[in-house]
Amino acid sequence: MAFDKLELNDIEVWDGNHAAAQALRQAQVDVVSAYPITPSTAIVEGYAKFKSDNLVEGEFVMVESEHAAMSGCIGAAAAGGRVATATASQGLALMAETLYQASGMRLPIILNIVNRALAAPLNVNCDHSDMYMVRDSGWIQFDAFSPQEAYDLNLIAFRVSEDHSVRLPAVVNQDGFLTSHTAQGIHTLTDDAAFNFVGEYKPMNDMLDFEHPVTHGVQTEEDWHFEHKARQHSDTMNIVPGKIDEVFAAFEELSGRKYNQVETYNMEDAEVAVVCMGSSVETAREVAGEMRAKGIKAGVVGLRVVRPFPFMKIAEILKDVKAVAALDRSAPGGAAGMLFNEIAGSLFNTDSKMLLSGYIYGLGGRDLTKKHLVDLYTELQANADAGKLLTQQQQFIGVRGPKLAFL
Amino acid sequence: MANTGWDEFEIGAMLRTFDGEAGDIASTLQEDRNYTQNSSFSASVADWRLEKPVFNKDYCIDCQFCWVYCPDISIISRDKKMIGIDMDHCKGCGICVEVCPTNPKSLLMFPEQADEETEIAGWPAKEDKEK
Chain F
49 MAFDKLELND IEVWDGNHAA AQALRQAQVD VVSAYPITPS TAIVEGYAKF
99 KSDNLVEGEF VMVESEHAAM SGCIGAAAAG GRVATATASQ GLALMAETLY
149 QASGMRLPII LNIVNRALAA PLNVNCDHSD MYMVRDSGWI QFDAFSPQEA
199 YDLNLIAFRV SEDHSVRLPA VVNQDGFLTS HTAQGIHTLT DDAAFNFVGE
249 YKPMNDMLDF EHPVTHGVQT EEDWHFEHKA RQHSDTMNIV PGKIDEVFAA
299 FEELSGRKYN QVETYNMEDA EVAVVCMGSS VETAREVAGE MRAKGIKAGV
349 VGLRVVRPFP FMKIAEILKD VKAVAALDRS APGGAAGMLF NEIAGSLFNT
399 DSKMLLSGYI YGLGGRDLTK KHLVDLYTEL QANADAGKLL TQQQQFIGVR
449 GPKLAFL
Chain Y
5 MANTGWDEFE IGAMLRTFDG EAGDIASTLQ EDRNYTQNSS FSASVADWRL
55 EKPVFNKDYC IDCQFCWVYC PDISIISRDK KMIGIDMDHC KGCGICVEVC
105 PTNPKSLLMF PEQADEETEI AGWPAKEDKE K
């Protein structure tokens with residue numbers, strides 16, 4: 049069955065959702081099994097439209113829930129297809145059980161999470177509580193800070209995830225509305241260049257290989273479960289980071305766009321730095337530049353790969369920084385934020401004397417303004433000058449009412 | 005298999021049914037198939053059973069009802085002749101006995117520890133049907 053190719057302009061005006069949908073089309077995904085949820089719907093809707101316009105040769109499976117959507121993806125991936133879907137927030141929560149099935153079964157599925165707050169109170173806007181909820185699910189997690197990156201990282205994710213040495217599913221995160229519904233000029237790849245980069249899907253232990261019947265999703269109890277999980281973690285820690293670097297390098301060669309597991313801006317001589325994710329990275333970059341003009345050596349670290357967490361790279365980048373703020377866009381639920389904890393873990397057994405403080409911000413789509421970041425860098429500089437934390441370790445940014453500080 | 009380490013198995017919660025290619029599996033009898041140790045055919049689940057069926061071939065008419073109805077493919081039949089029961093996989097559900105149409109039945113349930121020859125020697129006689 050033939051399908052038509054699209055002639056794209058070198059630069060197209062796409063929002064993050066459409067950029068992701070175009071990447072699914074160019075990767076020639078075989079099966080999208082999906083259930084709609086704001087703000088991710090346009091991704092799977094986009095694929096469905098491409099299918100009805102004969103621009104992909106695949107199946108769109110409309111199911112009754114997100115649990116069924118990921119279950120459909122798992123079945124299709126076990127059968128031997130290239131598979132992707134998208135969801136957000138409550139939808140991801142309903143998917144949670146099946147996410148662990150997908151990673152444990154070592155099935156390469158690409159899931160676009162368009163980050164959105166978790167109810168209650170019900171909220172459709174961006175924070176990272178959905179991303180954080182599934183951070184231990186065994187999936188590789190990429191984070192896009194812009195629509196361009198949502199496009200690029202989808203193509204990159206297929207190639208990493210499907211590699212036979214990896215065979216782990218991957219999430220591509222982007223900020224709900226802030227990225228998913230914000231249009232920008234996207235540097236495109238031609239259909240042929242994009243597909244050649246991702247490559248033909250190479251099945252492994254697929255159920256449609258009738259000469260080699262396999263049972264997927266077997267049960268193991270105390271005698272085998274631990275060995276399976278150990279193997280999965282070992283591959284995640286030892287194989288995935290190198291494969292990501294290799295694919296990032298290949299993508300740079302093709303597109304000229306360079307990605308790193310940890311993105312850094314003005315970090316070479318930085319004395320104070322902000323570590324954050326999503327669209328906040330671009331805001332922080334702009335403010336860091338302005339702080340430099342005021343004589344504060346400000347830098348920004350953007351986490352591109354959330355899992356496997358780039359522990360050693362973070363330690364190397366931050367080791368000489370005097371004061372660092374970890375910005376977590378998720379309600380911490382009775383603990384320090386995830387970034388605070390991971391960064392603290394990265395630096396703990398080193399000689400670094402870094403002063404680390406954690407900030408909870410932006411819940412439910414609350415804006416992180418330049419003013420917030422100016423104040424934040426100023427506070428970090430005061431910590432650096434004093435040689436000790438002048439505040440408590442956990443604070444809230446941008447919330448109304450009396451100042452909140454903990455720990 | 006039981007003592008291998010985390011680095012010694014194929015990835016994924018995945019098990020192979022056969023060693024090598026399956027080949028012409030439809031026309032290969034179970035006992036001639038190259039099942040792996042991981043296949044459920046290689047594993048005995050006899051200890052799941054509390055009662056067992058005993059087969060008395062003296063009354064069997066080879067109707068194949070038991071073969072059709074057995075939910076565990078545990079009735080062994082060759083060339084449409086009933087041979088016996090796969091006692092490694094029979095769970096003792098009793099469906100074969102229930103569907104057996106002969107008089108007396110050619111299959112009856114007995115406690116797991118019952119002696120087969122003794123039970124066959126004492127097999128019930130034909131029942132007179134009420135008219």
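Same order as they appear, the protein sequences are chains F and Y. Per this note's numbering, the first sequence starts with residue 49, numbered consecutively. Per this note's numbering, the second sequence starts with residue 5, numbered consecutively. Quick reminder that beta carbons are idealized off the backbone N, C-alpha and C, glycines included.
Boundaries of the alpha helix (DSSP H) in which residue i is found, first to last residue
i: F:L395; result: M386 to L395
i: F:K419; result: K418 to A434
i: F:M181; result: S177 to M181
i: F:W62; result: From DSSP, F:W62 is part of no alpha helix (DSSP H) but of the beta strand (DSSP E) over I59 to W62.
i: F:S282; result: H273 to N286
i: F:V147; result: Going by the sequence as given, residue 147 of chain F is Leu instead of Val. Its alpha helix (DSSP H) spans residues S137 to G152.
i: F:G449; result: Premise fails: F:G449 is in no alpha helix (DSSP H) and is neither H nor E.
i: F:F359; result: F359 to L366
i: F:V246; result: D239 to V246
i: Y:I77; result: Per DSSP, Y:I77 belongs to no alpha helix (DSSP H) and is neither H nor E.
Residue closest to residue i, alpha-carbon to alpha-carbon, out of the options
i: F:S209; options: F:A132, F:V262 and F:G265; result: F:A132
i: F:S378; options: F:A231, F:A165 and F:F98; result: F:A165
i: F:S328; options: F:V104, F:D433 and F:D415; result: F:D415
i: F:E330; options: F:S100, F:M360, F:A192 and F:L142; result: F:A192
i: Y:G16; options: F:A383, F:H276 and F:L395; result: F:H276
i: F:L170; options: F:V422, F:L375, F:T86 and F:A96; result: F:T86
i: F:Q319; options: F:M143, F:Q70, F:E294 and F:L404; result: Sequence check: residue 319 of chain F is Glu here, not Gln. Comparing Cα positions, the closest option is F:L404.
i: F:R279; options: F:S151, F:Q429 and F:Y83; result: F:S151
i: F:R130; options: F:Y249, F:F98 and F:A50; result: F:Y249
i: Y:Q117; options: Y:E131, Y:G96, Y:K130 and Y:R20; result: Y:G96
i: F:V372; options: F:L421, F:G381 and F:F299; result: F:L421
i: Y:I99; options: Y:K109, Y:Q34, Y:C74 and Y:W52; result: Y:C74
i: F:M181; options: F:T312, F:A144 and F:T284; result: F:A144
i: F:K99; options: F:M118, F:T89 and F:Q76; result: F:Q76
i: F:I91; options: F:D175, F:G123, F:Y148 and F:G224; result: F:G224
i: Y:G24; options: Y:T40, Y:D36 and Y:D11; result: Y:T40
Contacts around residue i, its chain only, beta-carbon distance under 6 Å, and the 5 residues preceding and following it disregarded
i: F:M339; result: A346 and Y425
i: F:D52; result: N102 and L103
i: F:C121; result: S81, V131, T133 and I157
i: F:L72; result: Y95 and A132
i: F:R154; result: R215
Contact set between residue i and chain C, taken where Cβ atoms lie within less than 9 Å
i: F:T146; result: Checking the listed chains, one finds no chain C in this structure; the protein chains it contains are F and Y.
Opening and closing residue of the beta strand (DSSP E) in which residue i lies
i: F:S405; result: L403 to Y409
i: F:G123; result: Per DSSP, F:G123 belongs to no beta strand (DSSP E); it is in the alpha helix (DSSP H), E114 to A127.
i: Y:E102; result: Taken as a continuous stretch (DSSP letters only), Y:E102 belongs to no beta strand (DSSP E), being part of the alpha helix (DSSP H) at I99 to V103.
Length of the line joining the Cα atoms of residue i and residue j
i: F:D211; j: F:I287; result: 10 Å
i: Y:D92; j: Y:W71; result: 16 Å
i: F:A242; j: F:S400; result: 42 Å
i: Y:A26; j: Y:E14; result: 18 Å
i: F:E427; j: F:H115; result: 44 Å
i: F:D433; j: F:F396; result: 21 Å
i: F:I158; j: F:I204; result: 10 Å
i: F:F357; j: F:P289; result: 9 Å
i: Y:N7; j: F:W272; result: 9 Å
i: Y:D119; j: Y:L112; result: 13 Å
i: F:Q70; j: F:E316; result: 36 Å
i: F:G128; j: F:F359; result: 33 Å
i: Y:E134; j: Y:K61; result: 26 Å
i: F:T417; j: Y:L19; result: 53 Å
i: F:V109; j: F:D239; result: 24 Å
i: F:G435; j: F:M402; result: 9 Å
i: F:G381; j: Y:V49; result: 46 Å
i: F:R183; j: F:A136; result: 14 Å
i: F:E311; j: F:Q232; result: 21 Å
i: F:T89; j: F:V162; result: 9 Å
i: F:V219; j: F:E105; result: 23 Å
Beta-carbon proximity list for residue i, same chain, < 7 Å, skipping 5 on both sides
i: Y:F114; result: E55, K56, V58 and E123
i: F:I234; result: I59, E60, W62, A67, P195, Q196 and Y199
i: F:M255; result: A126, A127, G128, V262 and H264
i: F:T439; result: S405, E427 and A453
Sequence-distant residues of the same chain with beta carbon closer than 8 Å to residue i, five excluded per side
i: Y:P105; result: I65, C67 and F69
i: F:Q441; result: A384, F388, L404, S405, G406, F454 and L455
Residue i - DSSP class collapsed to helix/strand/coil
i: F:H264; result: strand
i: F:S213; result: coil
i: F:S328; result: helix
i: Y:Q41; result: coil
i: F:E311; result: strand
i: F:G190; result: The displayed chain sequence assigns Phe, not Gly, to residue 190 of chain F. Looking at F:F190 - three-state DSSP - the assignment turns out to be strand.
i: F:A132; result: strand
i: F:D376; result: strand
i: F:E107; result: strand
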